[in-house]
Each structure stands twice: as structure tokens, then as C-alpha cells.
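Residue numbers (this note's numbering), protein chains in the order written: chain A, 1 to 151; chain B, 152 to 886.
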């Protein structure tokens with residue numbers, strides 16, 4: 001199997017996997033970073049969202065061979081102590097119910113606020129609509145994004 | 152104070168555990184207390200823990216571990232159940248850590264998540280656990296100081312002599328409490344004296360969730376563990392014959408491939424009835440397993456009819472028209488036939504709803520480690536006890552040799568009441584002789600079955616010349632179970648009433664889905680009553696309140712399954728809070744009220760049309776669930792129920808062709824998304840001192856009816872078929 005050198009959360013990681021392996025499964029199976037979640041495998045639910053050079057990216061659709069030479073950030077690397085403004089806002093609004101989709105929601109929100117520090121309701125809706133929450137925590141997510149934009 | 156008899160097995164108390172790492176759930180770290188606020192100084196990690204009873208362990212530094220007995224599926228019982236224990240124990244919530252209890256049928260009761268029952272069934276047991284421990288700690292202090300317990304008080308884990316200077320913390324006295332006699336009676340707090348219950352406490356797992364810590368079954372790993380996947384037949388009515396085993400085994404990363412059989416003797420309701428024989432493949436990496444799954448070439452044989460959605464519709468129509476199928480439950484008051492004949496106005500409507508999938512965001516998965524003499528199971532299950540029983544039957548192994556541990560679940564909604572995926576993991580592990588984690592792909596998950604049944608129901612009402620409701624009938628058919636609760640509202644409010652529940656057959660497997668049947672009946676009945684109110688020329692809330700007045704003053708029949716005062720109470724509350732009588736230009740309103748799972752909920756939906764599309768602006772909710780344990784989390788539950796209800800009514804359906812589901816992932820199966828959610832939801836709780844009931848389900852059903860009624864107000868269209876978005880005709884919108 002080919003070897004790949006990845007930069008994940010600021011650390012170099014080397015993995016030996018099939019070249020078409022999605023980054024999602026490299027993170028979860030090979031590196032043990034399981035905060036990035038599997039939900040659909042086809043880029044429809046957003047549970048697997050990570051940052052690739054700061055942009056929100058569906059890790060289930062990004063093959064490992066395309067993931068070299070970029071900076072990958074997962075939920076585990078978003079902040080040192082869970083104190084990224086988005087994470088703090090998530091705690092303040094006590095957003096999660098089951099919690100499974102929330103890492104993906106947080107990563108999408110963090111990327112949004114980086115590129116657009118004061119998004120409108122419509123912009124929040126448009127960006128966050130790629131992330132499904134079956135529990136229905138959408139209102140709290142929106143409130144938390146707004147709170148985070150002020151932190 | 153209320154005196155209650157203690158009901159524990161004495162032996163289960165008297166255990167001292169002197170362990171540094173007492174975590175019972177794998178991956179649990181007890182270094183964080185129930186607060187994420189760094190300003191609050193944390194208590195040091197204890198050197199010694201003293202187990203006071205099966206719910207409570209006290210460390211020598213005063214840190215308290217409370218075991219949460221029930222599975223956590225997002226209903227937040229891992230916070231609210233320990234809160235109830237902590238209230239009666241009288242301990243500072245900041246000094247509490249929560250651990251998931253393992254399945255222990257010898258000690259805990261009702262260790263399951265379903266029917267919105269966790270809090271309702273365990274309320275007394277949890278209070279008693281806290282109160283018993285508090286009493287024992289006080290007795291230990293009284294003995295130490297040679298005083299009477301009556302001379303002592305407790306505040307936040309510190310015992311104090313009422314007329315003296317002496318104080319001692321729970322942490323310091325806990326070791327003495329371990330040998331104490333269990334009190335025969337304990338005092339429970341007066342409800343008005345609650346300090347913790349009724350205050351909002353944040354999710355105890357919040358920090359772990361937002362930092363991506365391994366909490367879920369799918370995150371679990373163990374040294375030497377292999378991964379496994381299944382391939383079930385592509386259609387209901389098909390069975391696996393054979394497959395290209397040698398080819399699959401030869402694929403990279405695949406260590407084994409075989410056919411499993413999870414049929415057991417005398418299966419219970421939560422055992423799989425559909426795909427009992429499946430292909431299993433085992434390997435080292437998820438991706439290689441996914442690729443091997445795609446390479447499976449199997450021969451499937453047809454063993455029963457391959458059904459389609461068209462057939463399902465016809466079956467339901469026939470069941471309603473001819474009474475084909477089994478009439479399971481019925482109620483009849485007065486003479487509905489005669490009353491309809493003499494009615495001045497009669498209205499009849501038929502409502503339908505398709506099959507739906509659960510779609511928990513975390514697909515089914517389970518870890519199993521089966522050896523010759525033991526089976527260890529770890530994963531997401533709402534029903535650990537039936538899982539243990541079924542594994543015992545499947546492996547022909549005594550139940551004592553089987554352990555089940557529960558992980559946090561990425562959603563349940565009823566899907567994980569069914570235990571087959573745990574059995575599949577167990578049989579695969581037995582075959583390979585290794586620890587195994589079984590993983591379903593989203594497609595496996597969505598096409599495996601256990602769906603919300605498809606429904607069709609006909610409602611009929613008759614009004615006299617004064618617009619009084621004199622006759623009401625409902626007949627509901629389901630594939631397989633009819634969506635009828637004969638003794639629910641409006642039973643009891645109308646002289647001439649009939650209800651018939653008709654069950655029909657399908658080989659598509661179904662199961663409980665968040666607020667089973669209620670999510671459909673609430674939508675149908677509450678839309679229908681809206682139309683009846685309109686026909687009677689009455690305000691929809693006033694019309695319902697009139698009916699409740701009848702049920703309060705002079706109820707018809709004796710088996711009515713609701714308290715009319717509380718039902719009317721939530722309607723009145725939502726009427727007041729939403730300023731029901733006031734009209735805002737462009738805003739269209741619909742109301743619904745429903746009682747299920749022992750909780751009363753009324754909702755008003757405010758809807759506008761944006762470019763001809765309905766958009767929910769605000770939902771007002773009034774809820775009577777008795778005592779509210781954790782208010783902000785309770786609000787979260789209702790918000791989620793409303794969004795889930797609106798989403799599924801608007802967008803979701805699972806259709807069939809030749810026995811196979813047409814939707815297998817979120818590209819075709821539509822779930823509600825951010826932009827489609829209501830912009831605001833406001834929740835009001837009725838304040839009373841009634842023992843608490845559940846909130847996981849009751850918020851959902853009325854949202855369906857209130858939405859349908861608001862859509863009518865906005866567009867003039869009475870939608871009787873779900874999903875609404877499919878049947879809403881944009882060209883006919885008059886709003």
C-alpha cells in the first residue's frame with residue numbers, strides 16, 4: 001500500500017492506506033481521531049466536516065492522495081482546550097442533544113466565521129444547511145453561531 | 152417531608168471499592184466534574200472511593216460519582232437522572248461526576264430508553280437512592296459525635312451539628328457510612344424545597360461532545376479488534392442463497408467472509424423479523440470493507456412477495472374500505488350510525504403517511520467479544536436487557552456470562568430498541584474468535600427495515616343544527632399496525648363515538664419511531680378537528696375547549712386515557728402566550744394539542760409565505776409534563792421534537808419498488824435542514840408538583856397538526872397526505 005504524509009492538527013502523520021481511502025477513514029481508523037464522524041459517506045450530512053487549509057471540507061469525499069500538502073484540522077485540533085469561540089458558544093447555548101453531528105456543525109460554523117465574521121441569518125442558514133441534525137438542534141446552533149461571532 | 156419505605160437489596164449496598172480508576176464505561180474520564188466553568192475550583196481526585204449504594208460513590212475528597220442507569224440517546228438523562236439523585240443526596244452539583252451504569256438487572260430497574268419513560272419510571276428510585284445515602288451519611292456522623300440524627304443538618308455535602316460547632320464533609324464521613332445499617336425509612340424532600348431540580352444544568356457530556364472525544368459506539372476500539380460489515384438482501388421478501396465468498400476473501404484487507412444466521416427461538420418484539428441471514432465480511436479497515444461490500448455478487452432467492460408503494464397504498468385503502476385485515480382494538484359509545492344519519496352536517500376525510508426511516512445520525516454498530524465462555528457487548532442500545540437475553544439465546548450461553556455496556560448514542564428515536572445488530576456483532580465475533588466492531592453503512596442502515604409503518608385513517612364527524620359535535624368516528628389501518636388509540640381524545644367528549652384499529656400485513660419490517668402512531672394520529676386528528684371547527688363556525692381553540700368542558704363535567708365512557716383539565720390547560724396556556732386572537736398581516740396560524748406518553752402539549756405554528764413557499768416563523772409550545780427537572784434541557788427536547796415533527800411531515804418518505812427501498816441515503820431521503828427549520832420556538836411549562844413525565848416524544852406529534860392547520864390558513868389547502876411538500880400545489884396558493 002502506498003504511503004502518505006499528512007499534516008493533521010499541526011502534526012505530521014504518515015499512513016499506509018489504499019490511495020482512494022477517504023480522509024474520514026484515515027482519521028478514524030488509522031490515526032484514531034474519531035471526533036470526525038461518519039454519517040452518510042456521500043457528502044450530504046456534514047458530520048465528517050474538517051478544515052482543509054481553513055475551508056470546511058467533507059472528509060468522506062476527500063481521498064487521501066489529495067490530502068497531502070495541505071493543513072488538515074479536525075475537531076480535536078480546533079482549539080487546545082475546547083475554547084474556540086464556536087465551542088464556547090456551543091457550551092453556552094447547551095446545543096447538543098445526542099451530540100453525534102455536532103463536531104461537523106462546529107467545524108462548518110468555525111470556517112464560516114473565519115471567512116465571514118458577522119454572517120446574516122440567511123448566510124448562516126445557507127452555510128449550515130449542509131449539516132443535518134436529526135435531533136433538531138438547529139435553533140440553538142444558529143444562536144450559538146451568532147454568539148460566537150461576538151466572542 | 153414524605154416518608155418512604157426503602158426497597159433495596161441490602162447486599163447490593165455494602166461494597167467498598169478502593170480503586171483509583173473506577174470508570175465502568177470504557178473511555179470515561181472522571182477528571183471533569185459537572186461544570187465546565189474553570190473559575191470553580193475543582194475538588195481533588197479521590198484516593199479512595201466508597202460505594203454507598205448502586206447509584207452513588209463518594210470519594211474521600213468529597214467528589215461524588217453518580218451512576219446514570221439508563222441509556223443516553225440525546226434525551227439528556229445522563230444529566231437529569233443524576234440531578235434527581237443529587238437533589239436528595241444534598242450535594243453540590245459542581246462536585247458531582249456522572250458515569251454510565253452498566254446493565255445490572257439485579258440492581259436497577261427499567262434500564263431502557265423508550266416511551267419517554269426514563270424519568271417517569273425512575274423518579275422515585277432516584278430520589279430514594281439519594282435520600283438513603285444522605286440518611287446513612289448523617290447516621291454515620293451522628294454515631295461519630297454521639298448525637299442524634301435529628302440534631303444534624305446537611306447543606307451541599309457538609310453535615311453540621313444544629314446546636315454545635317462541629318461539621319464534617321461527606322468525603323470525610325463516607326468510609327463510616329459504608330458499614331451502616333440501611334434505614335428502613337427515608338425522608339424525601341418537599342417539592343417546594345428542591346434546590347437543584349427545576350434549575351437548568353448543562354449537559355454533563357457537553358465539553359466532550361464539542362471537543363470530539365470518543366463517546367459513541369462507533370468510536371469504540373479495543374486492541375486486536377477487527378471491523379465487520381453486513382450485506383443484507385436488497386429487497387424485503389428476499390433471502391441470501393450464496394455469494395462469491397472466495398473472491399471477497401481474497402480482496403485486500405479482508406480477513407473473512409461468511410453467511411450469518413441470527414434466528415433465535417421465541418423471538419421477542421425487539422428481535423429482528425426480516426433479514427435473519429446475511430453476508431458478513433471482516434477486515435482491518437472500514438474503507439476496504441466498503442469496497443469489498445461493493446464487490447459482493449450474491450444469489451438472492453425470492454421467498455415472499457416483493458412489495459411496492461402502490462401496493463401498500465392499495466392494501467391500506469382496501470383495509471379501510473372492506474375491513475380486510477384484523478380489527479385489533481375498538482370502542483363504541485352510543486350509536487354513531489344513527490347520529491350521523493340525523494346530523495345536519497357531516498364531514499369525512501382520509502389521511503395518509505408513508506413508511507419512514509429512523510435515520511439516527513450514528514448508523515447501527517456494536518462491539519462484541521465472544522469467547523467460549525463469555526460474551527462482552529459494548530455499544531449503542533436503548534434496550535440492554537433484551538439484547539443480553541437474545542444474545543444468550545443466540546449463543547446458547549448463560550445470561551450471567553454476558554455483559555452489556557452502553558455507549559452514548561448518536562440518536563435513538565426507537566431504532567435502537569431493536570437488538571439485531573448486537574446479535575450480528577456477537578455471531579461474527581464468535582465465528583472469527585476475535586473482538587469485532589460491526590458497522591452499518593448509511594445505506595445498510597436506511598434499507599435494513601425497522602421502519603415507521605405506513606398509515607391511512609378515515610375520520611368522520613357529524614354536527615347538529617346548533618353546530619354541536621354529536622358523532623365522531625375514526626378507522627385507521629397500518630402496515631402492519633393501525634394508528635388508533637380508541638380511548639384517547641376526542642373519546643369521552645362526544646355521545647356517539649367509534650374507533651377501529653385495523654392491522655394489515657407486510658413483509659417490510661417496522662418498529663417504534665419517536666412517538667409511535669401518535670406522530671400520525673396527532674397530525675390527522677388535529678387537522679380534522681380544525682376542519683370540523685371551521686364547519687361549525689367556531690374558533691379552533693374554543694371548539695376544542697368546548698369538547699374538554701364536556702369531558703370535565705360529564706365525560707362519555709369511563710376508559711378515557713387523559714385528564715381533560717390538564718389537556719385544556721395547555722391549550723389555554725398556548726392561547727394566552729401566543730395572543731391567539733391577534734392577527735398579524737401575512738402571518739397564518741395553526742393550532743394543535745396532543746396527549747401522549749403521559750405529557751400534554753399544545754402548539755401554535757405561525758407561518759408566512761416566502762415566494763409562495765411556507766416558512767415557519769415561530770412555534771409556541773405549552774407543555775404539562777409535571778415537575779420539570781432540567782428546564783433548559785427540557786426546552787431543548789421540545790424544540791427538537793417540533794423541528795423533527797415539522798421536518799418529517801413536510802419532507803420525509805421511504806418508497807418501495809419490487810421490495811427494495813428507493814431511498815438509501817440523504818441524497819434522496821430528505822430530512823429537514825437549517826434553512827427549513829422554524830425561526831423561533833418558545834416553550835412554556837405548566838407549573839405544578841405532579842411527578843414528572845417524559846419529554847423525548849410528546850413535543851413532536853402536535854407539530855404535525857399545527858403545521859397542517861397553518862398551511863391551510865396560509866394557502867387554503869388541506870393537506871391530508873404526507874409528505875406535505877410533495878402534495879402542496881404552489882399554483883393553488885392563495886395566501
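Heads up, the beta-carbon is just placed ideally off N, CA and C, and yes, glycines get one too. On a predicted model such as this, the values are computed, not experimentally measured, just so you know.
Within the segment 206-250 of chain B, complete alpha helix (DSSP H) segments of at least 4 residues are found at 228-240, given in chain order. Assigned with DSSP and collapsed to three states, residue 629/B falls in strand.
Against chain A, the beta carbon of residue 677/B has no neighbour under 7 angstroms; the closest one sits roughly 20 angstroms away. Counting C-beta pairs closer than 8 angstroms gives fewer than three between the segment 70-88 of chain A and the segment 333-353 of chain B, which falls short of the contact rule. Only those residues of the segment 719-733 of chain B whose C-beta falls short of 8 angstroms from the nearest C-beta of chain A would be listed, and there are none.
Interface residue (Cβ-Cβ distance to chain B less than 7 angstroms): residue 96/A is classified as such. Beta-bridge partners assigned by DSSP to residue 407/B: 433/B.
Taking one beta carbon from each stretch, the segment 716-726 of chain B and the segment 821-839 of chain B have 3 or more pairs nearer than 8 angstroms; the two touch.
Looking at 355/B, 417/B and 300/B, the one whose alpha-carbon comes closest to that of residue 338/B is 300/B. Put simply, of 274/B, 686/B, 797/B and 631/B the residue whose alpha carbon is nearest the alpha carbon of residue 464/B is 631/B. About 5 angstroms separates the beta carbons of residue 784/B and residue 227/B, which is inside the 8 angstroms limit, making them a contact pair. Counting along the chain, the unbroken alpha helix (DSSP H) around residue 856/B starts and ends at 852-866. The beta-carbon separation of residue 360/B and residue 22/A, rounded to 23 angstroms, does not stay under the 8 angstroms limit for a contact. With a cutoff of 7 angstroms on beta-carbon distance, residue 70/A and residue 50/A are scored as not near each other.
Across the structure, residue 553/B and residue 218/B are spaced so that their CA atoms are roughly 20 angstroms apart. In its chain, beyond the 5 residues on either side, 85, 88 and 89 have a beta carbon closer than 7 angstroms to the beta carbon of residue 151/A. Any Cβ of chain B closer than 7 angstroms to the Cβ of residue 100/A would place that residue at the interface, and such an atom is present. Bridge partners of residue 557/B according to DSSP: 530/B. Residues of the same chain with a CB within less than 7 angstroms of the CB of residue 425/B, apart from the 5 flanking positions on each side, are 387, 600 and 660 in chain order. Using a C-beta cut-off of 8 angstroms, the segment 868-879 of chain B makes contact with the segment 486-503 of chain B, since at least three inter-stretch Cβ pairs fall below that distance. Closest by C-alpha distance to residue 716/B, out of 746/B, 475/B, 740/B and 689/B, is 746/B. Proximity of residue 360/B to chain A, defined by a Cβ-Cβ separation below 7 angstroms, is satisfied. Each residue's CA atom was taken as its position, placing residue 737/B and residue 756/B some 13 angstroms apart. Close partners of residue 791/B in chain A (Cβ separation under 8 angstroms): 97, 135, 136 and 137. Boundaries of the beta strand (DSSP E) harbouring residue 389/B: 389-394, taken from the DSSP string. Listed along the chain, the chain B residues whose CB falls inside 7 angstroms of the CB of residue 103/A are 363.
Looking at the DSSP output, residue 757/B shares a beta bridge with 740/B and 769/B. Taking 9 angstroms as the Cβ-Cβ cut-off, the segment 11-37 of chain A approaches chain B at 17, 18, 20, 21, 22, 24, 25, 26, 28, 29, 30, 32, 33, 34, 35, 36 and 37, given in chain order.
Nearest in C-alpha terms to residue 735/B, of all of 768/B, 754/B, 698/B and 725/B, is 768/B. Beyond the five residues adjoining it in sequence on each side, residue 140/A comes within less than 8 angstroms, by CB distance, of 93, 94 and 95 in the same chain, given in chain order.
One thing to note: residue 668/B has its Cβ no nearer than 7 angstroms to the Cβ of residue 851/B. Chain A has a Cβ within less than 7 angstroms of the Cβ of residue 783/B. Among the residues facing chain B, residue 60/A is not included, as its CB has no counterpart in that chain under 7 angstroms away. Under the three-state reduction of DSSP, residue 51/A is assigned to strand. In this structure, the alpha-carbon of residue 809/B lies about 19 angstroms from that of residue 448/B. When secondary structure is reduced to three states using DSSP, residue 481/B falls in the strand class.
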